[in-house]
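Report on the following structure.
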DNA sequence: GGTCCTTATATTCTTTTGGACTATAACTGG
DNA sequence: CCAGTTATAGTCCAAAAGAATATAAGGACC
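Residue numbers (this note's numbering), protein chains in the order written: chain W, 1 to 322; chain P, 323 to 644.
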């Protein structure tokens with residue numbers, strides 16, 4: 001039992017002396033040319049991060065510092081994501097605790113000239129099964145589905161087999177259930193448990209199952225990214241955070257494409273416009289642009305003052321109903 | 323600028339040597355006799371907590387241990403709330419970093435015999451302005467409203483005055499805006515900034531403003547509780563977590579009273595029943611009870627299997643519309 | 001035993017919302 | 001000037017959500 005291992009308050013001095021490391025880690029998101037992107041550093045696929053130091057007033061301010069230093073990008077909107085602190089999440093056997101406080105940050109690519117050592121990666125390179133903008137991707141039907149069924153049926157007892165099949169069906173929308181774009185983390189965990197991604201093999205008796213083609217990340221950064229995607233996909237439905245990703249002036253179609261990029265699914269155009277307009281989140285500037293081809297489009301601007309007036313205003317994708 | 327103070331990666335050794343303390347802290351919630359309650363320990367109003375130690379596999383398991391040891395209560399549902407880590411959140415001047423990973427846990431009072439050193443406190447004793455079940459409480463209209471306006475008008479420049487008035491109006495639903503029960507944290511922060519709670523005076527030149535009558539908690543535990551309440555009020559709308567607070571068998575009215583206790587507002591009875599029934603979250607047991615007085619009520623049971631079938635099923639209070 | 005009170009349960013009506021669809025307008029490029 | 005492309009406006013319908021009312025079934029009290 002856990003509580004027998006916790007010790008008493010007298011142990012506190014001993015606890016302090018342990019080797020604890022606290023990291024700040026950022027998932028910086030932008031949408032470039034209709035692709036949702038995440039900021040990475042170095043050669044490997046690594047999220048910007050750095051130790052939480054005593055000089056930092058708050059973790060947020062520390063994070064801003066690290067990201068700006070490592071990537072040259074100033075951060076605007078920041079939101080705490082999750083604190084990862086399980087014992088064997090990093091190195092399996094090292095007697096060291098690594099606590100990572102993760103954050104979701106939203107910016108635009110053009111914000112500043114990035115350093116050479118960082119770059120934007122489409123998040124669908126890490127999660128090719130998450131992009132349903134052109135219908136269900138082939139990798140889901142041809143690769144994931146059979147492998148997951150195989151994994152489910154590989155369980156020793158019938159109850160586990162049933163449970164695994166059910167989880168897979170819900171997460172990926174196999175049987176009657178529909179695709180739910182918010183279940184990014186659950187899907188990643190399934191794929192991980194089934195041993196279908198590279199990082200799943202580390203530190204255990206890896207079954208020689210062939211992998212689902214996708215880019216990996218170091219340590220558990222891919223899990224952190226999955227957490228961020230799920231959170232963002234959920235959040236755009238009830239908070240007007242998309243505008244953090246938009247330039248000052250934009251057309252309604254561009255706004256729609258941005259939301260579609262994030263959610264990974266298409267939206268009905270007239271309904272999207274109606275929703276945006278009736279919420280009064282944006283206002284016309286009077287200017288138009290012909291850069292879109294076809295009839296010139298109105299340029300809109302986000303009404304920043306609305307943030308003060310309405311606390312829970314949302315973008316409300318027309319995706320809600322079952 | 324923050325990033326100039328962060329140092330480089332070479333500082334890591336020095337960072338490790340710093341005095342960092344990581345705590346786990348729990349907001350354990352139950353609903354007893356129609357009152358939403360939080361579990362506290364000791365004489366003072368203190369949330370159960372303990373240091374995060376290397377023996378703990380995960381923070382969750384560590385938390386379970388501490389709470390069970392300090393209160394005798396085993397925990398069921400646990401969810402990470404927020405990680406508090408600002409520098410001067412505990413002692414003002416000590417050169418020590420305290421990081422608190424906070425969790426929201428849901429149980430029932432009857433779960434087990436609690437230790438003598440712990441007890442349940444109605445959370446409306448800490449937040450008397452949050453209970454709108456009998457209409458807007460007097461303390462909001464008679465005390466908070468005038469004091470907050472006074473505080474807003476005390477600002478030096480006109481812009482700040484306007485902004486403060488607006489924030490107060492939105493958070494408390496003063497002018498045209500309606501009461502939004504999810505804004506618990508925003509309201510606490512306003513009350514805190516205005517110096518109307520006891521703990522606001524610590525470590526700064528406290529203005530001699532009379533306080534709003536309410537119970538306080540040690541350190542920043544009241545803020546953590548506010549965070550938990552807001553999160554829970556939001557969550558019951560889209561996830562069936564209320565049932566963690568219910569006994570195995572219950573009547574629909576009791577379920578409604580529980581939701582009302584949490585959200586702090588009344589719900590239309592027929593609509594609530596319809597909503598619950600059409601979602602198929604519960605099933606009749608066939609048994610009835612006469613303990614409610616009046617016509618005997620059907621006893622229902624939560625359909626636990628629904629959790630496997632539908633990921634995003636919610637309780638959906640009839641509170642959504644503006 | 002009947003009356004009244006209490007609570008449970010069923011039903012109706014109406015407004016609002018959100019999803020699908022169609023039509024028209026305005027520009028570009030050949 | 002015609003085809004193609006995109007922008008914008010409007011209609012229709014089904015589902016959801018709010019409010020209110022009616023009926024059922026027990027207990028308490030006289």
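Yeah, the Cβ is synthetic: ideal placement off N, Cα and C, and Gly gets one too.
Computed from a prediction, not measured in an experiment: that's the story for all the values here.
DSSP, read as helix, strand or coil, puts residue 30 of chain W in strand.
One thing to note: residue 24 of chain W has its Cβ within 8 angstroms of the Cβ of residue 49 of chain W. Within the region 374-430 of chain P, the runs of alpha helix (DSSP H) at least 4 residues long that lie entirely inside it are, in chain order, 381-393. If you look at residue 278 of chain W, you'll find it in the alpha helix (DSSP H) that goes 269-278. Rounded to whole angstroms, the separation of the alpha carbons of residue 183 of chain W and residue 577 of chain P is 28 angstroms. Under the 8 angstroms Cβ criterion, the region 185-201 of chain W counts as touching the region 144-153 of chain W, having at least three qualifying pairs. The continuous stretches of beta strand (DSSP E) do not include residue 532 of chain P, and DSSP gives it neither H nor E.
Residue 47 of chain W places its beta carbon less than 8 angstroms from that of residue 26 of chain W. Nearest to residue 428 of chain P by C-alpha distance, out of P/386, P/408, P/545, is P/386. Contact between residue 264 of chain W and residue 56 of chain W is ruled out by a C-beta separation of about 35 angstroms, above the 8 angstroms threshold. Short of 8 angstroms from the beta carbon of residue 538 of chain P, and not among the five residues preceding or following it, lie these beta carbons of its own chain, in chain order: 367, 448, 519, 520, 521, 544.
Of all residues in the region 399-413 of chain P, those with a C-beta nearer than 7 angstroms to a C-beta of chain W are 402, 404, 405, 407, 408, 409, reading in chain order. When the beta-carbon positions are compared, residue 584 of chain P and residue 603 of chain P stay at least 8 angstroms from each other.
With at least 16 other beta carbons inside 10 angstroms of its own, residue 404 of chain P counts as buried. Within the same chain, 346, 381, 405 come within 6 angstroms of residue 423 of chain P by CB-CB distance, once the 5 residues on both sides are set aside. Neighbourhood of residue 381 of chain P in chain W, by CB distance below 7 angstroms: 85, in chain order.
Among the residues of chain P, those whose CB is under 7 angstroms from the CB of residue 97 of chain W are 376, following chain order. Residue contact check for residue 513 of chain P against chain W: no CB pair falls below 8 angstroms. The beta-carbon of residue 342 of chain P is placed less than 8 angstroms from the nearest beta-carbon of chain W. Ranking W/287, W/279, W/219, W/267 by CA distance to the CA of residue 300 of chain W puts W/287 first. Residues of the region 546-574 of chain P with a C-beta less than 8 angstroms from any C-beta of chain W: none at all.
Within the DSSP bridge table, the entry for residue 298 of chain W names W/288 as partners.
A direct Cα-Cα distance of roughly 10 angstroms separates residue 270 of chain W from residue 253 of chain W. For residue 101 of chain W, at least one C-beta of chain P is nearer than 8 angstroms to its own C-beta.
When DSSP states are grouped into helix, strand and coil, residue 605 of chain P belongs to the strand group.
Under the three-state reduction of DSSP, residue 191 of chain W is assigned to helix. In the DSSP assignment, residue 259 of chain W falls within the unbroken alpha helix (DSSP H) covering 252-263.
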